[in-house]
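Peer 1: Have a look at this one before I ask anything.
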Amino acid sequence: MRGRHVLGAVLALAALALAGCTGQQAVLDPRGPAAAHLAEFSWLLFWGGAAIFAFTMAMLAIGLVFTDWTKRTPPIRLVVWLGLAFPVVTLLALTVYTAAVGRWVDLGRGQDGGEPPLRVDVVGQQYWWEVTYHDGQGGTVTSANELNIPVGRRVEVHLASRDVIHSFWVPSLHGKMDLIPGRTNTITIQADTPGVIRGQCAEFCGEQHALMAFFVVAHESAAFEAWLAARRQPARVPEMPDLVAGQRAFLAAGCGSCHVVRGLAEGPYAAVGQLGPDLTHVGSRLSLAAGTLPNGVGPLAAWIADAQDLKPGNRMPSFHHLDSETLTSIARYLGSLE
Amino acid sequence: MARRGMPILAAALSWALAGCGEGPATANNTTGDLPRSHADPQAVAGGDAARGRAVLAGGTYGCGACHAIPGIDGARGTVGPPLHAMGLRAYVAGRLPNTPGNLVTWIENPRLVDPRSAMPATGITRAEATDVAAYLYTLRTLP
Numbered sequence: 217m218r219g220r221h222v223l224g225a226v227l228a229l230a231a232l233a234l235a236g237c238t239g240q241q242a243v244l245d246p247r248g249p250a251a252a253h254l255a256e257f258s259w260l261l262f263w264g265g266a267a268i269f270a271f272t273m274a275m276l277a278i279g280l281v282f283t284d285w286t287k288r289t290p291p292i293r294l295v296v297w298l299g300l301a302f303p304v305v306t307l308l309a310l311t312v313y314t315a316a317v318g319r320w321v322d323l324g325r326g327q328d329g330g331e332p333p334l335r336v337d338v339v340g341q342q343y344w345w346e347v348t349y350h351d352g353q354g355g356t357v358t359s360a361n362e363l364n365i366p367v368g369r370r371v372e373v374h375l376a377s378r379d380v381i382h383s384f385w386v387p388s389l390h391g392k393m394d395l396i397p398g399r400t401n402t403i404t405i406q407a408d409t410p411g412v413i414r415g416q417c418a419e420f421c422g423e424q425h426a427l428m429a430f431f432v433v434a435h436e437s438a439a440f441e442a443w444l445a446a447r448r449q450p451a452r453v454p455e456m457p458d459l460v461a462g463q464r465a466f467l468a469a470g471c472g473s474c475h476v477v478r479g480l481a482e483g484p485y486a487a488v489g490q491l492g493p494d495l496t497h498v499g500s501r502l503s504l505a506a507g508t509l510p511n512g513v514g515p516l517a518a519w520i521a522d523a524q525d526l527k528p529g530n531r532m533p534s535f536h537h538l539d540s541e542t543l544t545s546i547a548r549y550l551g552s553l554e
Numbered sequence: 002m003a004r005r006g007m008p009i010l011a012a013a014l015s016w017a018l019a020g021c022g023e024g025p026a027t028a029n030n031t032t033g034d035l036p037r038s039h040a041d042p043q044a045v046a047g048g049d050a051a052r053g054r055a056v057l058a059g060g061t062y063g064c065g066a067c068h069a070i071p072g073i074d075g076a077r078g079t080v081g082p083p084l085h086a087m088g089l090r091a092y093v094a095g096r097l098p099n100t101p102g103n104l105v106t107w108i109e110n111p112r113l114v115d116p117r118s119a120m121p122a123t124g125i126t127r128a129e130a131t132d133v134a135a136y137l138y139t140l141r142t143l144p
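Structure follows, in structure tokens:
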């Protein structure tokens with residue numbers, strides 16, 4: 217009776233621990249074919265290992281308890297069957313299976329007949345991701361910290377780095393792939409269900425490595441095309457007076473020397489800088505500063521005023537010299553860029 | 002003899018203490034709310050402190066990016082003032098008496114109260130602002 221209670225408690229704890237394995241960023245909650253193969257592989261190793269461990273412990277118990285029986289059994293048979301034959305067969309099978317999984321998760325190979333993959337370039341830098349979509353007709357659209365992809369279609373992600381080594385990891389879709397300065401690595405991913413999942417840098421890249429995340433938004437095919445078409449447009453031109461004032465303040469504060477807002481130029485100012493994320497449609501993104509803050513007018517104002525306190529060591533200075541009205545008007549303007 | 006003196010003493014005491022119940026605190030009470038010194042979570046009509054805490058912890062409006070808020074993980078911003086002891090503060094935003102109604106209005110639309118404030122309207126709804134105010138009134142200690 218007592219044993220049953222202990223077992224119940226252990227199972228409850230295990231369920232609690234495993235509950236953490238579902239959700240936006242989880243190896244054991246696959247949302248695409250590559251991650252599904254990897255999860256299967258992980259479970260096979262887990263349960264296989266558990267079975268072998270249990271069997272070994274049982275053998276040990278038998279050896280300790282039934283000493284008469286073990287004395288009569290010639291040890292050489294045990295060694296040959298369990299110590300030699302079993303590992304050879306198991307490891308051989310696992311080697312073949314591993315090689316097969318390695319091929320199955322490489323979504324980029326051997327599908328020349330099907331729909332061509334969508335190409336997306338991701339450039340990692342301290343501490344955010346620049347994301348450029350290729351529309352297939354020679355055009356590109358640049359955004360940041362968010363990967364919008366169509367469901368059911370392969371997406372070829374070309375990975376490069378502008379400074380140090382980073383690693384691109386969306387656990388619900390695939391394994392990790394490093395971004396290495398001076399070369400381009402490619403990983404092909406695919407999502408099977410619409411929804412939002414999270415990825416993050418998986419190679420220590422500096423002080424704010426932990427705040428270098430991104431979201432993957434999987435859309436139905438038509439919704440993705442609509443999304444891409446909207447992102448191809450230049451930035452929305454403000455009409456309301458306070459947004460116009462915000463746009464002017466944005467330019468006057470010099471934001472355009474690091475950030476692009478496509479289509480925005482006024483007098484001596486233009487938003488064409490290449491150091492920070494493209495802000496053309498920043499209001500429509502899920503997060504700010506690579507997953508550091510939720511998006512919204514409040515967090516935008518906070519980030520502009522105090523980027524160095526919220527994410528120390530990132531490239532954006534804190535603009536707390538701006539007076540409060542200027543600060544909030546810039547935040548409202550950026551929030552309106554959907 | 003001593004027993005006969007007791008009612009007189011009690012009456013005198015209650016008369017003396019009656020003066021303590023009235024005070025200038027109610028003079029600030031322009032919106033019909035309870036005065037600040039009585040502010041408590043129940044005083045925010047329709048507000049639910051647990052829901053308010055969930056709104057803050059959920060991070061939708063990014064309150065913690067500007068404010069340090071006791072009891073909310075990650076809310077350690079230094080753009081605006083820390084919100085410790087909001088249940089004891091005399092004024093909201095240095096302008097309004099800290100009544101539940103005033104606090105809710107301030108959270109929902111700071112520009113109505115002070116057009117020059119650095120705190121923007123975050124898009125929080127009145128219902129959510131009411132819950133958040135209820136949570137803030139549970140904060141009654143300084144760090």
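Chains Z and E, in that order, are what the protein sequence lines are. Here the first sequence stands for residues 217 to 554, numbered as in the numbering used here. Here the second sequence stands for residues 2 to 144, numbered as in the numbering used here. C-beta atoms are modelled at their ideal positions from N, C-alpha and C, and glycine is treated no differently.
1) For R188(Z), which residues from the same chain have a beta carbon less than 6 angstroms from its beta carbon, with the 5 sequence-adjacent residues on both sides left out?
2) Under 8 angstroms between beta-carbons, which chain E residues line up against V243(Z)? List them in chain order, please.
3) Could you check which residue in V304(Z), E419(Z), R335(Z) has the C-alpha nearest to that of N364(Z)?
4) Cβ closer than 7 angstroms: which chain E residues qualify as neighbours of G318(Z)?
5) Pull up the distance between the alpha-carbon of Y485(Z) and that of A360(Z), whole angstroms please.
6) List the residues of chain Z that R117(E) touches, going by C-beta distances under 7 angstroms, in chain order.
7) Using 8 angstroms as the limit for Cβ to Cβ distance, is L509(Z) near chain E?
8) Judging by CA-CA distance, which residue of W285(Z), V321(Z), G354(Z) is the nearest neighbour of F255(Z)?
9) What whole-angstrom Cβ distance do G63(E) and I73(E) have, given they're in contact under 8 angstroms?
10) Would you mind giving the Cβ-Cβ distance between T123(E) and G514(Z), rounded to the nearest angstrom? I have them listed as a contact below 8 angstroms.
11) If you follow the beta strand (DSSP E) that R54(E) is part of, which residue opens it and which one closes it?
12) When the Cα of N103(E) is compared with those of P82(E), L137(E), T142(E), which residue comes out closest?
13) Name the residues in the region 52-77 of chain E whose C-beta lies less than 8 angstroms from a C-beta of chain Z; which are they?
14) Would you tell me roughly how many angstroms separate the C-alpha atoms of L143(E) and D245(Z), rounded to the nearest one?
15) T556(Z) to A451(Z), Cα distance in whole Å?
16) Under 7 angstroms Cβ-Cβ, which residues of chain Z neighbour P121(E)?
17) DSSP three-state call for Q416(Z): helix, strand or coil?
18) Which of the three DSSP states, helix, strand or coil, is assigned to N511(Z)?
19) Under 8 angstroms, Cβ to Cβ, is there at least one residue of chain E near L375(Z)?
20) Using alpha carbons as the reference points, say which of T409(Z), E419(Z), T404(Z) lies closest to L395(Z).
21) On the criterion of 16 or more Cβ atoms from any shown chain inside 10 Å, does I405(Z) qualify as buried, or is it exposed?
22) Opposite L308(Z) in the DSSP bridges: which residues?
23) Classify H68(E) as buried or exposed, calling it buried when 16 or more other Cβ atoms lie within 10 Å of its own Cβ.
24) Using DSSP with H/G/I as helix, E/B as strand and the rest coil, what is R288(Z)?
25) What residues of chain Z sit near A79(E), judged by a beta carbon separation below 7 angstroms?
26) Could you give the DSSP three-state label for M273(Z): helix, strand or coil?
27) Find the residues of chain Z that neighbour G124(E), judging by a C-beta separation of less than 9 angstroms, and give them in chain order.
28) On the criterion of 16 or more Cβ atoms from any shown chain inside 10 Å, does F384(Z) qualify as buried, or is it exposed?
29) If you run the structure through DSSP and keep just helix, strand and coil, what is P145(E)?
30) Would you list, in sequence order, the uninterrupted alpha helix (DSSP H) runs of no fewer than 4 residues that lie entirely inside the region 454-481 of chain Z?
31) Is N401(Z) helix, strand or coil when you go by DSSP?
Peer 2: Short version:
1) Any question about residue 188(Z) goes unanswered here, given that chain Z covers just 217 to 554.
2) Result: empty, since nearest Cβ-Cβ is about 24 angstroms, beyond 8 angstroms.
3) The residue among V304(Z), E419(Z), R335(Z) with its C-alpha nearest the C-alpha of N364(Z) is R335(Z).
4) In chain order: nothing, as chain E lies at least about 39 angstroms away.
5) Rounded to whole angstroms, Y485(Z) to A360(Z) spans 23 angstroms at the Cα level.
6) Result: S540, E541.
7) Closer than 8 angstroms to some Cβ of chain E, the Cβ of L509(Z) qualifies, so yes.
8) Note on residue identity: the sequence assigns Ala, not Phe, to residue 255(Z). Nearest of W285(Z), V321(Z), G354(Z) to A255(Z), Cα basis: V321(Z).
9) With a Cβ gap of about 12 angstroms, G63(E) and I73(E) do not count as contacting.
10) Right, the Cβ-Cβ distance comes to about 4 angstroms (below 8 angstroms), so this counts as a contact.
11) From DSSP, R54(E) is part of no beta strand (DSSP E) but of the alpha helix (DSSP H) over 50-59.
12) When each option's Cα is compared against that of N103(E), the closest is L137(E).
13) Here the close residues are G60, T61, Y62, G63, C64, A66, C67.
14) Looking at the two C-alpha atoms, the distance is approximately 43 angstroms.
15) Residue coverage of chain Z in this structure runs from 217 to 554, which leaves residue 556(Z) outside it and unanswerable.
16) Under the 7 angstroms cutoff, chain Z gives V513, G514, A517, T544, A547, R548.
17) The answer is strand: DSSP assigns Q416(Z) an E or B state.
18) Per DSSP, reduced to three states, the secondary structure at N511(Z) is coil, with no helix or strand assignment.
19) Using a CB distance cut-off of 8 angstroms, L375(Z) does not count as an interface residue toward chain E.
20) The residue among T409(Z), E419(Z), T404(Z) with its C-alpha nearest the C-alpha of L395(Z) is E419(Z).
21) Around the C-beta of I405(Z), 16 or more other C-beta atoms lie within 10 Å, and the residue is accordingly described as buried.
22) Beta-bridge pairing links L308(Z) to no other residue.
23) Classification of H68(E): buried, given that the 10 Å Cβ count is 16 or more.
24) It is helical.
25) One detail in the question is off: residue 79(E) reads as Thr in this sequence, not Ala. Neighbours of T79(E) on chain Z, chain order: D522, D525.
26) Assignment of M273(Z) by DSSP, reduced to helix, strand and coil, places it in the helix class.
27) Near G124(E) (Cβ distances below 9 angstroms), the residues of chain Z are G512, V513, G514, G551.
28) Buried, because 16 or more other Cβ atoms sit within 10 Å of the Cβ of F384(Z).
29) Residue 145(E) falls outside the range modelled here, since chain E spans only 2 to 144, and no answer is possible.
30) If we require 4 residues or more, the alpha helix (DSSP H) runs fully inside the region 454-481 of chain Z come out as 457-468.
31) Looking at N401(Z) - three-state DSSP - the assignment turns out to be strand.
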